[in-house]
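Numbering-wise (our numbering), the sequence shown opens with residue 2 and increments by one.
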Amino acid sequence: MKIFLDFDDLLFDTNAFFVSLQYIFEEFGISKEISLKSYQEIKAEFPRGGWCYSFGRHIEKLKQYVAFDEEDLRKRLMMFITDTERFLFSDVENFLSSLKKNGHTLCILSFGDRQFQLAKIAGAGISHFIERNIITDKDKAVALQGEINDNEEGI
2 MKIFLDFDDL
12 LFDTNAFFVS
22 LQYIFEEFGI
32 SKEISLKSYQ
42 EIKAEFPRGG
52 WCYSFGRHIE
62 KLKQYVAFDE
72 EDLRKRLMMF
82 ITDTERFLFS
92 DVENFLSSLK
102 KNGHTLCILS
112 FGDRQFQLAK
122 IAGAGISHFI
132 ERNIITDKDK
142 AVALQGEIND
152 NEEGI
């Protein structure tokens, strides 16, 4: 059976990820208030379409409010995203291992910027459990419909 799992907030503690991200911004003189304000502005763009969070989009918003070394921040964020295993919920590896041992095909279905989501997933170190990553900036239900054949069972 194919099992489709959401990445953020099911396997990955997105809140803890963003808390740690805030510490990085603070290293570059970016206050929590500015970081959150700029994040909310990015998020507010979603209803108009084409919005997905990425470090690049966040940096562009932050530059409107505060000066910082953009190149160094980009490098620091790239280092950060390559090591996201610490943000997996504690039982994720056992859960995925058990499903895989029982013969299930595991797929991640996630909403967001493709490069950003794939980097988080790769950094989490669970790729060896996952058959396919489906990243969409559209409705996940629509993306899922395209993945399940009429003769396949999936949950």
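Where is the CB? At the ideal position from N, CA and C, for every residue including glycine.
In whole angstroms, what is the alpha-carbon distance linking residue i and residue j?
i            : j             : result
glycine 57   : leucine 110   : 22 Å
leucine 97   : threonine 137 : 22 Å
glutamate 46 : leucine 119   : 22 Å
lysine 141   : serine 99     : 25 Å
cysteine 53  : isoleucine 43 : 8 Å
lysine 139   : aspartate 9   : 16 Å
leucine 11   : valine 93     : 9 Å
lysine 206   : lysine 3      : Residue 206 is absent from the model: the chain starts at 2 and stops at 156.
When the Cα of residue i is compared with those of the options, which residue comes out closest?
i             : options                     : result
valine 20     : Lys3, Phe29, Lys33, Asp84   : Lys33
glutamate 145 : Cys108, Gln65, Val93, Gly30 : Here residue 145 turns out to be leucine, not glutamate, going by the sequence shown. Closest by alpha carbon: Cys108.
lysine 64     : Ile35, Leu22, Thr106, Asp7  : Ile35
tyrosine 40   : Lys3, Val143, His59         : His59
Using the beta-carbon count (16 or more within 10 Å), is residue i buried or exposed?
i               : result
phenylalanine 5 : buried
valine 143      : exposed
leucine 78      : buried
threonine 85    : buried
Residue i and residue j look like a contact to me (Cβ under 8 Å); what is the Cβ gap, rounded to whole Å?
i             : j                 : result
glutamate 148 : threonine 106     : Contact doesn't hold; Cβ gap of about 11 Å is too wide.
serine 55     : phenylalanine 117 : 4 Å
| field | the region 98-116 touching the region 65-77, judged by at least three CB pairs closer than 8 Å | value | No contact exists between the region 98-116 and the region 65-77.
| query | Between the region 115-131 and the region 88-101, are three or more C-beta pairs nearer than 8 Å? | reply | Contact annotation: the region 115-131 touches the region 88-101, with at least three C-beta pairs closer than 8 Å.
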